[in-house]
Amino acid sequence: MDTWEVLAVRFATRQTVASQVYLNYHVYGEPDRPLGMDYFFWVLRRGGRTIVVDTGFTPEVGARRGRTTTVPVPDALARLGVDPAAIDQVVITHAHYDHTGHVGLFPHAEILISARELDFWTGPYAGRVQFGHSAEPPDIAEIAKADRDGRVTRLPARHRLAPGIELREVGGHTPGQLVALVRTDSGTVVLASDAVHYYEEVELDRPFLVVADLEAMYRGFDALAAIAAEPNTVLLPGHDPLVLERFEPLDPADPGFAVRVGPTTERRS
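Numbering (UniProt numbering) for the sequence shown: 1 to 269.
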(Lines of atoms letter the chains of each structure in order from A; the text may use other names.)
(Lines give C-alpha, C1' and ligand atoms only; values in the text may rest on other atoms or scores of the structure.)
Protein backbone atom coordinates (compact mmCIF):
# COMPACT_ATOMS: atom_id res chain seq x y z
CA MET A 1 0.00 0.00 0.00
CA ASP A 2 1.25 3.48 -0.91
CA THR A 3 1.45 5.59 2.25
CA TRP A 4 2.95 8.96 3.08
CA GLU A 5 4.29 10.86 6.05
CA VAL A 6 2.44 14.16 6.53
CA LEU A 7 4.23 17.07 8.22
CA ALA A 8 2.54 20.33 9.18
CA VAL A 9 5.27 22.98 9.44
CA ARG A 10 4.58 26.28 11.20
CA PHE A 11 6.43 29.26 9.80
CA ALA A 12 4.51 32.20 11.27
CA THR A 13 1.87 33.26 13.77
CA ARG A 14 -0.25 36.18 14.91
CA GLN A 15 -2.69 37.13 17.64
CA THR A 16 -6.13 38.36 16.65
CA VAL A 17 -9.74 38.23 17.85
CA ALA A 18 -12.70 36.09 16.82
CA SER A 19 -14.51 38.99 15.15
CA GLN A 20 -11.55 39.34 12.77
CA VAL A 21 -11.67 35.63 11.91
CA TYR A 22 -15.32 34.60 11.57
CA LEU A 23 -17.78 36.02 9.06
CA ASN A 24 -20.38 38.30 10.69
CA TYR A 25 -19.28 37.19 14.14
CA HIS A 26 -21.87 39.44 15.80
CA VAL A 27 -24.72 37.15 14.67
CA TYR A 28 -23.59 34.51 17.17
CA GLY A 29 -24.39 36.77 20.11
CA GLU A 30 -21.10 36.09 21.87
CA PRO A 31 -18.50 38.48 23.29
CA ASP A 32 -15.37 38.89 21.26
CA ARG A 33 -12.39 36.83 22.40
CA PRO A 34 -8.66 36.49 21.67
CA LEU A 35 -7.70 33.97 19.02
CA GLY A 36 -4.32 32.83 17.78
CA MET A 37 -3.65 32.08 14.13
CA ASP A 38 -0.74 29.95 12.97
CA TYR A 39 0.58 29.72 9.42
CA PHE A 40 1.64 26.38 7.98
CA PHE A 41 2.94 24.73 4.88
CA TRP A 42 2.92 20.96 4.50
CA VAL A 43 5.40 18.33 3.42
CA LEU A 44 4.42 14.89 2.15
CA ARG A 45 7.20 12.28 2.20
CA ARG A 46 7.42 8.71 1.05
CA GLY A 47 10.73 6.94 0.64
CA GLY A 48 12.93 9.25 -1.39
CA ARG A 49 10.08 11.37 -2.73
CA THR A 50 8.94 14.69 -1.26
CA ILE A 51 5.98 16.86 -2.28
CA VAL A 52 5.57 20.37 -0.89
CA VAL A 53 2.07 21.73 -0.35
CA ASP A 54 1.97 25.54 -0.37
CA THR A 55 4.94 27.85 0.03
CA GLY A 56 4.11 30.35 2.78
CA PHE A 57 5.12 34.00 2.65
CA THR A 58 8.40 35.88 2.95
CA PRO A 59 9.30 37.58 6.25
CA GLU A 60 9.01 40.93 4.47
CA VAL A 61 5.43 40.27 3.36
CA GLY A 62 4.61 38.89 6.79
CA ALA A 63 5.95 41.97 8.56
CA ARG A 64 4.03 44.29 6.25
CA ARG A 65 0.84 42.38 7.06
CA GLY A 66 1.47 42.23 10.81
CA ARG A 67 2.44 38.55 10.96
CA THR A 68 5.34 37.23 13.02
CA THR A 69 7.64 34.84 11.18
CA THR A 70 8.76 32.02 13.46
CA VAL A 71 11.08 30.45 10.89
CA PRO A 72 11.55 31.57 7.28
CA VAL A 73 10.28 28.97 4.85
CA PRO A 74 13.69 28.36 3.22
CA ASP A 75 15.19 27.74 6.67
CA ALA A 76 12.34 25.40 7.60
CA LEU A 77 12.88 23.40 4.41
CA ALA A 78 16.61 23.17 5.13
CA ARG A 79 15.89 21.97 8.64
CA LEU A 80 13.74 19.20 7.16
CA GLY A 81 16.48 18.23 4.73
CA VAL A 82 14.46 19.43 1.74
CA ASP A 83 16.38 20.91 -1.19
CA PRO A 84 13.91 23.10 -3.13
CA ALA A 85 15.88 22.62 -6.32
CA ALA A 86 15.30 18.87 -6.08
CA ILE A 87 11.53 19.09 -5.58
CA ASP A 88 9.60 18.05 -8.67
CA GLN A 89 6.04 18.83 -7.53
CA VAL A 90 4.56 21.71 -5.53
CA VAL A 91 0.84 21.92 -4.84
CA ILE A 92 -0.71 25.37 -4.42
CA THR A 93 -4.01 24.86 -2.61
CA HIS A 94 -5.09 28.43 -3.36
CA ALA A 95 -3.45 31.68 -4.36
CA HIS A 96 -3.63 33.78 -1.19
CA TYR A 97 -0.45 35.50 -0.06
CA ASP A 98 0.26 33.10 2.81
CA HIS A 99 0.36 30.09 0.48
CA THR A 100 2.28 31.40 -2.56
CA GLY A 101 5.28 33.33 -1.28
CA HIS A 102 8.17 31.15 -2.35
CA VAL A 103 7.17 29.52 -5.63
CA GLY A 104 10.41 30.82 -7.13
CA LEU A 105 12.40 28.66 -4.69
CA PHE A 106 11.41 25.59 -6.70
CA PRO A 107 12.85 26.19 -10.17
CA HIS A 108 12.35 22.64 -11.46
CA ALA A 109 9.01 21.80 -9.88
CA GLU A 110 5.72 21.20 -11.60
CA ILE A 111 3.25 23.63 -9.98
CA LEU A 112 -0.17 22.08 -9.48
CA ILE A 113 -3.13 24.42 -8.94
CA SER A 114 -6.84 24.30 -9.66
CA ALA A 115 -7.65 25.52 -13.17
CA ARG A 116 -10.51 27.54 -11.71
CA GLU A 117 -8.15 29.10 -9.16
CA LEU A 118 -5.49 30.14 -11.65
CA ASP A 119 -8.05 31.44 -14.12
CA PHE A 120 -9.60 33.60 -11.41
CA TRP A 121 -6.35 35.11 -10.15
CA THR A 122 -5.16 35.91 -13.66
CA GLY A 123 -8.61 37.21 -14.65
CA PRO A 124 -10.42 40.56 -14.48
CA TYR A 125 -11.82 40.37 -10.93
CA ALA A 126 -8.72 39.37 -8.99
CA GLY A 127 -7.69 42.98 -8.52
CA ARG A 128 -10.95 44.10 -6.95
CA VAL A 129 -10.23 45.15 -3.38
CA GLN A 130 -12.31 42.48 -1.63
CA PHE A 131 -10.33 39.80 -3.47
CA GLY A 132 -7.02 41.48 -4.13
CA HIS A 133 -6.15 42.30 -0.53
CA SER A 134 -5.62 38.58 0.10
CA ALA A 135 -3.06 38.08 -2.66
CA GLU A 136 0.41 39.35 -3.50
CA PRO A 137 0.66 40.39 -7.18
CA PRO A 138 4.34 39.36 -7.46
CA ASP A 139 3.38 35.85 -6.29
CA ILE A 140 0.62 35.61 -8.88
CA ALA A 141 3.06 36.84 -11.50
CA GLU A 142 5.54 34.12 -10.48
CA ILE A 143 2.89 31.43 -10.94
CA ALA A 144 1.82 32.96 -14.27
CA LYS A 145 5.45 32.92 -15.43
CA ALA A 146 5.75 29.26 -14.47
CA ASP A 147 2.59 28.67 -16.49
CA ARG A 148 4.08 30.36 -19.52
CA ASP A 149 7.20 28.24 -19.06
CA GLY A 150 5.07 25.10 -19.19
CA ARG A 151 5.58 24.13 -15.53
CA VAL A 152 1.99 24.60 -14.31
CA THR A 153 -0.62 21.87 -14.36
CA ARG A 154 -4.18 23.20 -14.17
CA LEU A 155 -6.19 20.68 -12.22
CA PRO A 156 -9.78 19.51 -12.66
CA ALA A 157 -12.15 19.09 -9.73
CA ARG A 158 -10.48 15.81 -8.78
CA HIS A 159 -6.92 14.75 -9.43
CA ARG A 160 -4.92 11.70 -8.35
CA LEU A 161 -1.56 13.28 -7.64
CA ALA A 162 0.17 10.03 -6.74
CA PRO A 163 -0.79 6.66 -5.30
CA GLY A 164 -2.19 7.56 -1.89
CA ILE A 165 -2.83 11.27 -2.61
CA GLU A 166 -6.00 12.71 -4.10
CA LEU A 167 -6.60 16.43 -4.63
CA ARG A 168 -10.17 17.73 -4.58
CA GLU A 169 -11.48 21.18 -5.40
CA VAL A 170 -14.01 22.44 -2.85
CA GLY A 171 -14.00 26.20 -3.49
CA GLY A 172 -15.63 28.45 -0.91
CA HIS A 173 -12.69 30.33 0.57
CA THR A 174 -11.41 30.96 -2.96
CA PRO A 175 -12.90 29.92 -6.31
CA GLY A 176 -10.63 26.88 -6.67
CA GLN A 177 -9.60 26.02 -3.11
CA LEU A 178 -8.04 22.53 -3.03
CA VAL A 179 -7.87 19.95 -0.27
CA ALA A 180 -5.75 16.80 -0.21
CA LEU A 181 -6.68 13.35 1.02
CA VAL A 182 -3.45 11.64 1.99
CA ARG A 183 -3.08 7.99 2.98
CA THR A 184 -0.67 7.38 5.84
CA ASP A 185 0.39 4.08 7.40
CA SER A 186 -2.35 4.49 10.04
CA GLY A 187 -5.19 5.99 8.02
CA THR A 188 -6.18 9.11 6.10
CA VAL A 189 -5.29 12.74 6.66
CA VAL A 190 -7.78 15.29 5.33
CA LEU A 191 -5.38 18.14 4.61
CA ALA A 192 -7.98 20.88 4.46
CA SER A 193 -5.72 23.89 3.97
CA ASP A 194 -8.01 26.93 4.13
CA ALA A 195 -11.20 25.09 3.31
CA VAL A 196 -11.17 24.77 7.11
CA HIS A 197 -8.96 27.25 8.97
CA TYR A 198 -9.93 26.13 12.48
CA TYR A 199 -11.45 22.98 13.94
CA GLU A 200 -14.31 25.04 15.36
CA GLU A 201 -15.32 26.26 11.91
CA VAL A 202 -16.67 22.76 11.33
CA GLU A 203 -17.59 22.00 14.94
CA LEU A 204 -19.59 25.23 15.37
CA ASP A 205 -20.50 25.77 11.68
CA ARG A 206 -18.81 29.17 11.47
CA PRO A 207 -17.47 30.35 8.11
CA PHE A 208 -14.21 32.24 7.87
CA LEU A 209 -14.24 35.98 7.26
CA VAL A 210 -12.66 35.76 3.80
CA VAL A 211 -14.98 33.86 1.48
CA ALA A 212 -15.55 33.85 -2.28
CA ASP A 213 -18.65 31.60 -2.22
CA LEU A 214 -20.42 31.11 1.10
CA GLU A 215 -22.61 28.23 -0.07
CA ALA A 216 -19.56 26.38 -1.36
CA MET A 217 -17.78 26.96 1.96
CA TYR A 218 -20.69 25.38 3.84
CA ARG A 219 -20.74 22.46 1.38
CA GLY A 220 -17.03 22.03 1.99
CA PHE A 221 -17.56 21.91 5.75
CA ASP A 222 -20.18 19.19 5.30
CA ALA A 223 -18.12 17.14 2.87
CA LEU A 224 -14.90 17.29 4.88
CA ALA A 225 -16.65 16.60 8.18
CA ALA A 226 -18.23 13.50 6.64
CA ILE A 227 -14.86 12.23 5.41
CA ALA A 228 -13.18 13.02 8.74
CA ALA A 229 -15.85 11.01 10.56
CA GLU A 230 -14.76 7.84 8.79
CA PRO A 231 -12.63 5.36 10.78
CA ASN A 232 -8.90 6.07 11.00
CA THR A 233 -9.25 9.54 9.52
CA VAL A 234 -8.17 12.93 10.90
CA LEU A 235 -8.93 16.48 9.84
CA LEU A 236 -6.01 18.88 9.46
CA PRO A 237 -7.12 22.54 9.37
CA GLY A 238 -5.00 25.24 7.82
CA HIS A 239 -4.39 27.76 10.61
CA ASP A 240 -5.40 26.34 13.97
CA PRO A 241 -2.78 26.51 16.75
CA LEU A 242 -4.38 23.36 18.16
CA VAL A 243 -2.64 21.43 15.36
CA LEU A 244 0.61 21.76 17.28
CA GLU A 245 -1.06 20.47 20.43
CA ARG A 246 -3.00 17.59 18.91
CA PHE A 247 -0.21 15.89 16.99
CA GLU A 248 3.19 14.44 17.76
CA PRO A 249 6.04 16.95 17.39
CA LEU A 250 8.69 16.19 14.83
CA ASP A 251 11.31 17.49 17.28
CA PRO A 252 10.28 17.17 20.95
CA ALA A 253 12.83 19.85 21.82
CA ASP A 254 10.96 22.33 19.57
CA PRO A 255 7.27 21.40 19.54
CA GLY A 256 6.30 24.66 17.89
CA PHE A 257 8.11 23.88 14.66
CA ALA A 258 6.41 20.89 13.03
CA VAL A 259 4.20 17.91 13.77
CA ARG A 260 3.64 14.50 12.23
CA VAL A 261 -0.02 14.17 11.30
CA GLY A 262 -1.99 10.95 11.26
CA PRO A 263 -4.53 8.94 13.24
CA THR A 264 -1.86 7.38 15.46
CA THR A 265 0.02 10.64 16.10
CA GLU A 266 -3.10 12.49 17.25
CA ARG A 267 -2.78 13.18 20.98
CA ARG A 268 -6.34 14.41 21.64
CA SER A 269 -8.17 12.28 24.23
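Just so you know, even glycine gets a beta-carbon here, dropped at the ideal spot from N, CA and C.
Use the C-beta contact count for Ala146: other C-beta atoms within 10 angstroms, 16 or more gives buried, fewer gives exposed.
-> buried
Is there contact here, the stretch 48-66 with the stretch 6-16, by at least three beta-carbon pairs under 8 Å?
-> yes
Taking Val196 and Val261 to be in contact with their CB atoms under 8 Å, please state how far apart those CB atoms are, rounded to whole angstroms.
-> So it is not a contact: roughly 14 Å between Cβ atoms.
Under the three-state DSSP convention, the category Trp121 falls into | helix
Phe247, enclosing beta strand (DSSP E) - first and last residue = Here Phe247 belongs to no beta strand (DSSP E), and DSSP marks it neither H nor E.
Between which two residues does the beta strand (DSSP E) harbouring Phe57 extend?
-> Taken as a continuous stretch (DSSP letters only), Phe57 belongs to no beta strand (DSSP E), as it is neither H nor E.
Could you name the residues that DSSP lists as bridge partners for Ala12?
-> Tyr39, Thr69
For the candidate residues Thr68, Phe221, Gly48, Ala115, whose alpha-carbon lies nearest to that of Asp83?
-> Gly48
Based on Cα-Cα distance, which residue from Pro207, Val52, Ile92, Asp194 lies nearest to Val152?
-> Ile92
Are at least three pairs of beta-carbons, each pair with one atom in the stretch 104-121 and one in the stretch 168-188, less than 8 Å apart?
-> yes
Going by the CB atoms, is the gap between Pro107 and Ala85 shorter than 9 Å?
-> yes
Alpha-carbon to alpha-carbon, Val234 and Arg29 | For the record, residue 29 in the displayed sequence is Gly; it is not Arg. Cα to Cα, Gly29 sits roughly 30 Å from Val234.
Determine which residues share a DSSP beta bridge with Ser186 and list them.
-> Note: Ser186 sits in no beta bridge, so no partner.
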